[in-house]
Amino acid sequence: MKESLIGKVALITGGTTGIGLVVAQQLAARGVRVAMGGRDQLRGEAAVRSIGDVSKALFVQTDVSDESQVQALVQQTVNHYGGIDFLFNNAGIEGLLGPLTTNTEHVLDQLLAINVKGVLLTLKHVLPHLIERTGGIIVNTASFVGTTVPFPDAVAYGATKAAVLSITRSVALGYANDQIQVYAVCPWITDTPMVDRLTGHQSDAKAAFGSSNPSGRIATPEDIAHVVLSLFFQELDLQSGDAVLVDSGAVWNKIHHLSA
Ligand SMILES: NC(=O)c1ccc[n+]([C@@H]2O[C@H](COP(=O)([O-])OP(=O)(O)OC[C@H]3O[C@@H](n4cnc5c(N)ncnc54)[C@H](OP(=O)(O)O)[C@@H]3O)[C@@H](O)[C@H]2O)c1
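Here the UniProt record's numbering is used: the first residue of the sequence shown is 1, the next is one more, and so on.
Below you can see the structure in the form of structure tokens.
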């Protein structure tokens, strides 16, 4: 483990529900001060309350697809805490599941604006602060969708997550000399409000997703948070640019069946 984490600062986009919120709560429980960005003010206030110690939590209402709002999120975090050590670049939307022909232009614009431009804008405005501190760790949220297996019902979403993997590798190389490590986390289907929306809150639909995973269940936000925290906390000094699947081997299982 790195030296004391107490007082370190983490900026978390999409930190108000699902995976981002559990990461924020677990970081705060280890003494890290967190700043959370999200669009919904009430969700943000509830997220701050859920941290318990409000001196360790800040919410800034932010739409990551708007550069001036991302700039304000980063600046308010730095003004409040004095700097940034960790970035969890996690805000994302699911778009529409189904054939590409059913996607409206608005859905495609939103997916690209939030899942790709939002990730780039957040990096653009956080990186100078990590460079100033001579180092830091970034985890971008990609997905098992967009890695190697095709998903005809998620063409656009998969394209945005494949972009996150490309961004991760390029930023890792581009900023290696600044002691900045960059990873992507690639969660399997995870029990969050996003999946509630996708399944219409049907528990049997979630169970069906689970049965297609070798573990027999869908992931929990805690499963993903454990991996994200391990990337922030372990001394992986020569590692960067990796994409870490959190899927119980499901992607390789699918490739195995495709090739069998
Ligand atoms: N759940 C899964 O099965 C799964 C699997 C693989 C990857 N992922 C990825 O994991 C990440 C987190 O998803 P989740 O499952 O935890 O979903 P979630 O519960 O819906 O959380 C998404 C978070 O992103 C925020 N957000 C959405 N659009 C935003 C915007 N334009 N600006 C700022 N914040 C925004 C949401 O807050 P507001 O709505 O208030 O803005 C919320 O805090 C996403 O990138 C998703 O693609 C999820």
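We put the CB at the ideal spot given by N, CA and C, even for glycine.
Where DSSP assigns a beta bridge to L58, which residues make up the other side?
Against the sequence shown, residue 58 aligns to sequence position 58. Residue pairing by DSSP places L58 opposite A35 in a beta bridge.
Rounded Cβ spacing between N140 and A176 (contact assumed at less than 8 Å)
Position 140 of the sequence shown, counted from the first residue, corresponds to residue 140. Position 176 of the sequence shown, counted from the first residue, corresponds to residue 176. Their Cβ separation, rounded to whole angstroms, is 16 Å, which puts N140 and A176 out of contact at 8 Å.
Is the beta carbon of L58 sitting closer than 8 Å to the one on R30? Residue numbering aside, residue 58 sits at position 58 when the sequence shown is read from its first letter. Residue numbering aside, residue 30 sits at position 30 when the sequence shown is read from its first letter. It is not a contact, given that the beta carbons lie outside the stated cut-off.
| Just how far apart, CA to CA, sit G146 and L108? | Against the sequence shown, residue 146 aligns to sequence position 146. Against the sequence shown, residue 108 aligns to sequence position 108. Cα to Cα, G146 sits roughly 16 Å from L108.
What whole-angstrom Cβ distance do C186 and L231 have, given they're in contact under 8 Å?
By 1-based counting over the sequence shown, the position of residue 186 is 186. By 1-based counting over the sequence shown, the position of residue 231 is 231. Not quite, the Cβ-Cβ distance comes to about 12 Å (not below 8 Å), so this is no contact.
S65 burial status per 10 Å Cβ neighbour count (16 or more: buried) = On the sequence shown, position 65 is the one that residue 65 refers to. By the neighbour-count rule (16 or more Cβ atoms within 10 Å), S65 is buried.
* To do: Give the straight-line distance between the Cα atoms of L112 and Y81, rounded to the nearest whole angstrom.
  => One-based indexing of the sequence shown puts residue 112 at position 112. One-based indexing of the sequence shown puts residue 81 at position 81. Cα-Cα distance, rounded: 31 Å.
DSSP on V64, reduced to helix/strand/coil?
-> Within the sequence shown, residue 64 is the residue found at index 64, counting from 1. V64: coil per DSSP, three-state reduction.
field: Anticipated Cβ contact below 8 Å, G14 with A91, distance rounded
entry: Numbered from 1 along the sequence shown, position 14 holds the residue referred to as residue 14. Numbered from 1 along the sequence shown, position 91 holds the residue referred to as residue 91. At roughly 3 Å, the Cβ-Cβ gap stays under 8 Å, so G14 and A91 are in contact.
Using a Cβ-based criterion (distance less than 7 Å to any ligand heavy atom), does V195 qualify as near ligand 1?
What you label residue 195 is simply residue 195 of the sequence shown in a count that begins at 1. V195 Cβ: within cutoff of ligand 1.
Taking only heavy atoms of ligand 1 into account, decide whether any of them is closer than 7 Å to the Cβ of residue 282. It is not possible to answer for residue 282, since the shown part of the chain is limited to 1 through 260.
- Is DSSP giving Y81 helix, strand or coil here? By one-based count along the sequence shown, residue 81 stands at place 81. Helix at Y81.
- Query: Under 8 Å, do residue 279 and T16 count as touching if we go by C-beta distance?
  - Reply: Since the first residue of the chain shown is 1 and the last is 260, residue 279 is not available in this structure.
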